[in-house]
Amino acid sequence: MLLSQPLLHAAVFALTVLQALASNTFIAAVYEHAVILSKAADEPVSPDNALALMNSNMDVLEGAIKEASQQGAHIIVTPEDGIYGWRFTRETIYPYLEDIPDPAVDWIPCTDPTRFAPAPVQERLSCMARNNSIYVVANIGDKKPCNSSDPSCPKDGRYQYNTDVVYDPEGKLVARYQKVKRPWKFGIFTCFDILFREPAVVLVSELQVDTVLFPTAWMNVLPFLTAVEFHSAWAMGMGVNFLAANTHRTSISMTGSGIYAPDGARAYYYNMKTEDGRLLVAELDSHPRLSAAFPPAVNWSSYALSVERFPSNDNDFGGLIFHDWFTFMELTKPEGNRTVCQKDLCCHLSYKMAGKREDEVYVLGAFDGLHVVEGQYYLQICTLLKCKSTDPETCGQPVETAQTKFEMFSLSGTFGTNYVFPEVLYSGVQLAPGEVEVLSDGRLISKTRPTKPVVTVTLFGRWYEKD
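With mature numbering (1 follows the signal peptide of the UniProt record, and there is no 0) applied, the sequence shown corresponds to residues -22 to -1, 1 to 445, in that order.
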């Protein structure tokens, strides 16, 4: 994220003028954008040159917004850094920033562009929303002056922020950071905010938002933190709609956007083979908690605490996944029931493979501890995953493809947290919409025979109180 200093930012707002609110559904769009980058992000440019680059990206975004509107979308989310890219220094990003006012000023930049300081980016975004009668969610740079009376004021006399903004179908600025209205609420936050309690969990648990809007520049990290995998799991675990728009840059593993409901993906895009962007459009329930398809409340440890431990063996071994030391057990038979434990977490797996291959190794893994690399957060994870090769030392290394299909699987764990996110990733980084479900006793199971080879089945738990 493009931040001069860390900032958790969130906004909650009501779409009070949207006709679709009177109905039970609305149409959402997200656009994965292959950002046009500056050729000299480490060198200062003139404001005119900065605006030229931003207009090049907004030309592409405008085309996507028009297409989304033509397909009946009521709202579209565009990516983090989607208008100017990244790789800037604090000084070189400055020509790309605008002063974004508080939405309380009741401002339509499209029709009143001179009311505040020059803001051509805000004006154009506002006009995109107004001309296409659609809510537009975008990520832009904000600047705010400060002085020596503020002890936190930077030496250059300004704050610089990575900012999500929302314009309504009239072009009015309706959200920037935190904004609360009622009765129907969307929540918005950005990138790795999703891994922490604030603002992500607070928006859903305390403010009862129905839909999360998520502009992101997400670098995929297998096996647990690819964008489509984790974002769909978060939607399911939190019981919300989740609209994720990622930037597209395969050289740094950025791809993966989607429209997710509490019961699975409605549409998603993951493509590491081309540099093409993609527009996704899908229908969602306006109030998913009132839907008949809304998943039941889950006690994540109920089943796992009620059963005796399945057989283990003396061949447990350790391995690293993203700097965390897991306890693994190899699945040596084509079917069975197994348990592996680490500290207070015991993971139970029942499984049946369609056929045990000699050239692929699967393990059951457990991790219960504090992750301390690139952030600090407490994890409890149960996972069934394919190893990179038949060498046990490769277990936990990134894997995208597999050949082994499963007849069934059931995974559970003795979690100490209520915040558990269920992930299923098939070969080719594909999701499994409609093929899996979470039971009220905390088991993640295959509803039907999985149609594709399995890369990982995971219960990803976050214990926020122990961060």
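The C-beta atom is built at its ideal place from N, Cα and C for all residues, glycine as well.
7 Å Cβ cutoff met for residue i and residue j
i: P25; j: N117; result: no
i: A195; j: T233; result: no
i: P431; j: Q381; result: yes
i: V398; j: G215; result: yes
i: V416; j: A410; result: no
i: L151; j: G119; result: no
i: F288; j: C373; result: no
i: L362; j: L327; result: yes
i: W278; j: F393; result: yes
i: R341; j: E385; result: Residue identity differs from the one stated: residue 341 is Val in this sequence, not Arg. Contact: no.
i: L15; j: G63; result: yes
i: S210; j: T3; result: no
i: P73; j: F94; result: no
i: R218; j: Y246; result: Checking the displayed sequence, the identity of residue 218 turns out to be Val instead of Arg. Contact: no.
i: Y248; j: V407; result: yes
i: D241; j: A271; result: yes
i: I54; j: V143; result: no
i: S231; j: M197; result: yes
Residue i, buried or exposed, once every other Cβ within 10 Å from all chains shown has been counted against 16
i: P22; result: exposed
i: V83; result: exposed
i: V285; result: exposed
i: A344; result: buried
i: P123; result: exposed
i: residue 448; result: Because the chain in this structure spans residues -22 to 445, residue 448 falls outside the shown range and cannot be described.
i: T436; result: buried
i: D292; result: exposed
i: A107; result: buried
i: T426; result: exposed
i: R316; result: buried
i: P147; result: buried
i: G353; result: exposed
Beta-carbon contacts of residue i that lie in its chain and below 8 Å, excluding the five residues immediately before and after
i: E101; result: P87, C88, P91
i: H11; result: N35, V38, L39, A42, T56, P57, G60, A223, T225, H226, G255
i: A275; result: S418
CA-to-CA distance, residue j to residue i, given in whole angstroms
i: V199; j: C360; result: 17 Å
i: S130; j: K121; result: 15 Å
i: K334; j: S424; result: 18 Å
i: L283; j: G347; result: 20 Å
i: N110; j: S104; result: 10 Å
i: I5; j: T70; result: 38 Å
i: residue 447; j: R68; result: Any answer about residue 447 is impossible in this case: the structure gives the chain only from -22 up to 445.
i: V350; j: T141; result: 27 Å
i: A239; j: D128; result: 43 Å
i: R404; j: K133; result: Strictly speaking, residue 404 in this sequence is Tyr, with Arg absent from that position. Y404 and K133: Cα-Cα distance of roughly 50 Å.
Cβ-based neighbour list, residue i, same chain, cut-off 7 Å, excluding 5 preceding and 5 following
i: T395; result: Q358, G439, R440, W441
i: L29; result: P98
i: E338; result: K364, A380, Q381, T382
i: G135; result: P123, C124, N125
i: F295; result: F306, P370
Cβ shell of residue i (< 6 Å), same chain only, five flanking positions each side left out
i: P312; result: M331, K334
i: Y356; result: L348, W441, K444, D445
i: T429; result: none
i: I299; result: G374
- Hey, which unbroken runs of the alpha helix (DSSP H) at 4 residues or more fall wholly within the stretch 260 to 309? 280 to 284
- Item | Completely contained beta strand (DSSP E) runs for the stretch 382 to 426, where each covers 3 or more residues | 384 to 391, 398 to 404, 414 to 416, 422 to 424
- At which residue ranges does the stretch 76 to 136 contain complete beta strand (DSSP E) runs of 3 or more residues, listed in the order of the chain? 113 to 123
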